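Have a look at the structure below before the remarks.
Number of protein chains: 6
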Amino acid sequence: MVYVTRRVSFSSAHHLRNDGYDEEENKRIFGKCANTHGHNYELEVTLKGEIDHSTGYVFDLKVLKDILKREFVDIADHASLNDVPALKGLNPTAENVVVAVWRLIEGKMGNAKLHSVKLYETVNNIAEYRGE
Amino acid sequence: MVYVTRRVSFSSAHHLRNDGYDEEENKRIFGKCANTHGHNYELEVTLKGEIDHSTGYVFDLKVLKDILKREFVDIADHASLNDVPALKGLNPTAENVVVAVWRLIEGKMGNAKLHSVKLYETVNNIAEYRGE
Amino acid sequence: MVYVTRRVSFSSAHHLRNDGYDEEENKRIFGKCANTHGHNYELEVTLKGEIDHSTGYVFDLKVLKDILKREFVDIADHASLNDVPALKGLNPTAENVVVAVWRLIEGKMGNAKLHSVKLYETVNNIAEYRGE
Amino acid sequence: MVYVTRRVSFSSAHHLRNDGYDEEENKRIFGKCANTHGHNYELEVTLKGEIDHSTGYVFDLKVLKDILKREFVDIADHASLNDVPALKGLNPTAENVVVAVWRLIEGKMGNAKLHSVKLYETVNNIAEYRGE
Amino acid sequence: MVYVTRRVSFSSAHHLRNDGYDEEENKRIFGKCANTHGHNYELEVTLKGEIDHSTGYVFDLKVLKDILKREFVDIADHASLNDVPALKGLNPTAENVVVAVWRLIEGKMGNAKLHSVKLYETVNNIAEYRGE
Amino acid sequence: MVYVTRRVSFSSAHHLRNDGYDEEENKRIFGKCANTHGHNYELEVTLKGEIDHSTGYVFDLKVLKDILKREFVDIADHASLNDVPALKGLNPTAENVVVAVWRLIEGKMGNAKLHSVKLYETVNNIAEYRGE
């Protein structure tokens, strides 16, 4: 059982907001994150599986990259996360993004099992979902 | 003569657009950058001067950090560069940001001379102004 | 269940020493680490919890940053780890620091559960404690 | 129980190939990886154990570095992974390297237990083996 | 006058050798670099020019990326630098690569002037050519 | 004319102090830097010269590394900069270190000319001396 990880980058805008709160409450809870701003996000997706002895691969990471681009990155990159369909009705926090990406790609990696979806919003703020 | 550099970070949204162009022309020239998106920007400001022998400093970098925050970073961070007053009427490209930051801080560093303002939009895209 | 991580930095001195050993033995076991030297440390603290659907957060990472600063970083930064009260009687190795930080902050994160305290002494030397 | 990690670097060539495939099939499956190329690899090895209270160490990371160099890095660095004895008969993918390194060093760390061998082929492509 | 820089990555093999030297002499001068090995190279190309006020660009960095890929990176990536036509007859040191890349791209950036070609072989070994 | 750079790391303690000032004045000017603390320093030394066509080198960077280690790094690493002979009588700021390193190594690189000594105290605080 070996874990393989592919990292991809995207640059998006977002703002955090709960429509059930008034302006003041949004400012109090989300601070400057209530303003439209943005990040260079780094997304790391980890699969777990047996090594295929004819290739030496658990899963072809170029294929994983293509899946990530098709399902999420090409939609979210150079766009606002608040407009991404997979995040509809959700505050686009790093926490909600990792769960959404998990749901978009789960079951699309053949025999390899999805193990973790990790998102660096900055080098200091990180979220990870392991399907638990 | 020694060069000293202070790096500061900020996370902002922006979109690139020329209001004199129609939608199609904006898309053709700016591509996905015409959409609202964002970055974790890294700003590096370099001063040049003699070492003050009573301190060993060319310029106190904590003071430089405070100047950068007051003049630009606290305004641009967690906001849209398209709304920053110092960039009014300018497309908020990395090129225009470095010139704007230069103008905001020039002449505020005592005996030290401003040498360079450098901006990393991502690790791959960088602009620098040296007052030339 | 989502994991969220906050990274904070501090710059400290330390030296490694067992007072029960003589000088030669300290040098033999700790090598150059027996001399006072220092590092730019990176501390990563990970919490585990359910996403709060009104905010999209597991735990507000600005609050986690404030806890880390108040409990440890503001005391250890620009100081010697050998003088930090939470490390009293302990050799200030990365291993002892991560256990000490865990004990300082455990139980202070509301519904979120402390999952991991990880310390990068350099990019090459790392310790992590998971409360096991 | 604390985890300690040592990172080491090496620069090697490799190419991916299955001798049972013809040229075209190798190109189809391995793409440009079928050509001889190379990487600056980063290897991270993690041990798990109790802190020794006389030293504050789980395991002396300088000793771990020496083991890694002797068993693998000094052989693989500035060489081709296709020629490394421990990878004989295996395609030198990141997956096969982490399993091979695990087998080379397992049981050589005294009371500390080998927990993970992780290899960054680039910042974007990563494999990890945990002995499962 | 503003400087703009585009960074691109490629992973290549190389070995250093002077065919006029015998084996022993090659080993003595080039050490382990005489063996086929490889690197994740980072190439940074800097242009210098006036900001075009209709776009805010000195030069469209996506176009610069395309030029770099077409002229050098798509040929050198996942290949051996010893086989790259632009390096024919030259030892593929970082020094020779930066001069070769300069010659391949000079004069292809419209009104912008080529200022610097910089190559990171590793984070520790760097060469730069400024056309002097 | 090509520039070549070698980066080396060292981990040292230091504190900033002017013995002509009283305690309060030292605290006021140097803040927390008046306490003994430390850093993982990155030192980048750049030489400038013609490429030697028999080797493809401007200067063998392994030799430059050896000079840097012998003249400065082996003395400063895992020690206090306040005790380093080359910094005697100087406040061990990044500014004073780069000038001291320049003086230690100047004239020791054969035909290559010393161009720059640059020191990263942290990723945010940097000093550089170019012999001007």
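Protein chains in written order, with the numbering used here: chain B, 1 to 132; chain C, 1001 to 1132; chain D, 2001 to 2132; chain V, 3001 to 3132; chain Z, 4001 to 4132; chain P, 5001 to 5132. All residues carry an ideal CB built from backbone N, CA and C; glycine is no exception. Being a predicted model, the structure only gives us computed values, none of them experimental.
Boundaries (first-last residue) of the alpha helix (DSSP H) holding residue i
| i | result |
| --- | --- |
| F4030 of chain Z | E4023 to F4030 |
Within-8 Å CB hit, residue i to chain B
| i | result |
| --- | --- |
| L3081 of chain V | no |
| T2122 of chain D | no |
| H1053 of chain C | no |
| I3126 of chain V | yes |
| K1032 of chain C | yes |
| E3024 of chain V | no |
Test: residue i CB closer than 8 Å to a CB of chain Z
| i | result |
| --- | --- |
| I5029 of chain P | no |
| R5070 of chain P | no |
| T1036 of chain C | no |
| A3013 of chain V | yes |
| E1181 of chain C | One cannot answer for residue 1181 of chain C here, as it falls past the ends of chain C, which runs 1001 to 1132. |
| E1016 of chain C | The question names Glu, but residue 1016 of chain C is Leu in the sequence shown. With 8 Å as the cut-off, L1016 of chain C counts as an interface residue toward chain Z. |
Distance, residue j Cα to residue i Cα
| i | j | result |
| --- | --- | --- |
| M2001 of chain D | G38 of chain B | 25 Å |
| G5056 of chain P | G4020 of chain Z | 13 Å |
| L5087 of chain P | K3118 of chain V | 41 Å |
| I3105 of chain V | K3069 of chain V | 10 Å |
| L5061 of chain P | F1059 of chain C | 32 Å |
| W4102 of chain Z | E3025 of chain V | 37 Å |
| M1109 of chain C | L5081 of chain P | 28 Å |
| F1010 of chain C | K5113 of chain P | 38 Å |
| R17 of chain B | G107 of chain B | 31 Å |
| L3047 of chain V | H53 of chain B | 27 Å |
| S3012 of chain V | E2132 of chain D | 37 Å |
| D5066 of chain P | D5074 of chain P | 10 Å |
| A5127 of chain P | V5097 of chain P | 9 Å |
| D3083 of chain V | E5121 of chain P | 40 Å |
| K4032 of chain Z | K5032 of chain P | 45 Å |
| A2034 of chain D | K3027 of chain V | 54 Å |
| E2071 of chain D | Y2129 of chain D | 17 Å |
| H3115 of chain V | Y3 of chain B | 13 Å |
| V8 of chain B | V4008 of chain Z | 15 Å |
Residue-chain proximity (residue i, chain V), Cβ-Cβ < 8 Å
| i | result |
| --- | --- |
| V2002 of chain D | no |
| G56 of chain B | yes |
| I2067 of chain D | no |
| L119 of chain B | no |
| R7 of chain B | yes |
Spatially closest choice to residue i from the options, by CA coordinates
| i | options | result |
| --- | --- | --- |
| H3014 of chain V | V:N3124, V:K3108 and V:D3077 | V:D3077 |
| V3045 of chain V | V:V3123, V:I3067 and V:R3006 | V:R3006 |
| L3064 of chain V | V:K3032, V:N3091 and V:L3043 | V:L3043 |
| P3085 of chain V | V:A3100, V:T3093 and V:A3094 | V:A3100 |
| G4049 of chain Z | C:E1095, C:N1035 and C:D1074 | C:E1095 |
| N5040 of chain P | P:D5022, P:K5032, P:V5123 and P:R5028 | P:V5123 |
| T5093 of chain P | P:D5022, P:E5071 and P:N5125 | P:N5125 |
| I3051 of chain V | V:N3111, V:A3079 and V:V3008 | V:N3111 |
Span of the beta strand (DSSP E) around residue i
| i | result |
| --- | --- |
| E42 of chain B | H37 to G49 |
| V1004 of chain C | V1002 to H1014 |
| E4121 of chain Z | Segment: none, E4121 of chain Z is in no beta strand (DSSP E) and carries neither H nor E. |
Closer than 8 Å to chain D by CB, residue i
| i | result |
| --- | --- |
| S5182 of chain P | This structure cannot settle anything about residue 5182 of chain P, because the visible part of chain P is limited to 5001 through 5132. |
| K3061 of chain V | Before going further, note that residue 3061 of chain V is Leu rather than Lys in the sequence given. It does: the Cβ of L3061 of chain V has a partner Cβ on chain D nearer than 8 Å. |
| D5077 of chain P | yes |
| V98 of chain B | yes |
Min CB distance residue i to chain C below 8 Å
| i | result |
| --- | --- |
| K113 of chain B | no |
| N40 of chain B | yes |
| V5073 of chain P | no |
| L5104 of chain P | no |
| E5050 of chain P | no |
Within-8 Å CB hit, residue i to chain P
| i | result |
| --- | --- |
| V4045 of chain Z | no |
Alpha helix (DSSP H) segments (min. 4 residues) lying fully within the stretch 1057–1104 of chain C: Entirely contained in the stretch 1057–1104 of chain C, the alpha helix (DSSP H) runs reaching 4 residues are, in chain order, 1061–1068.
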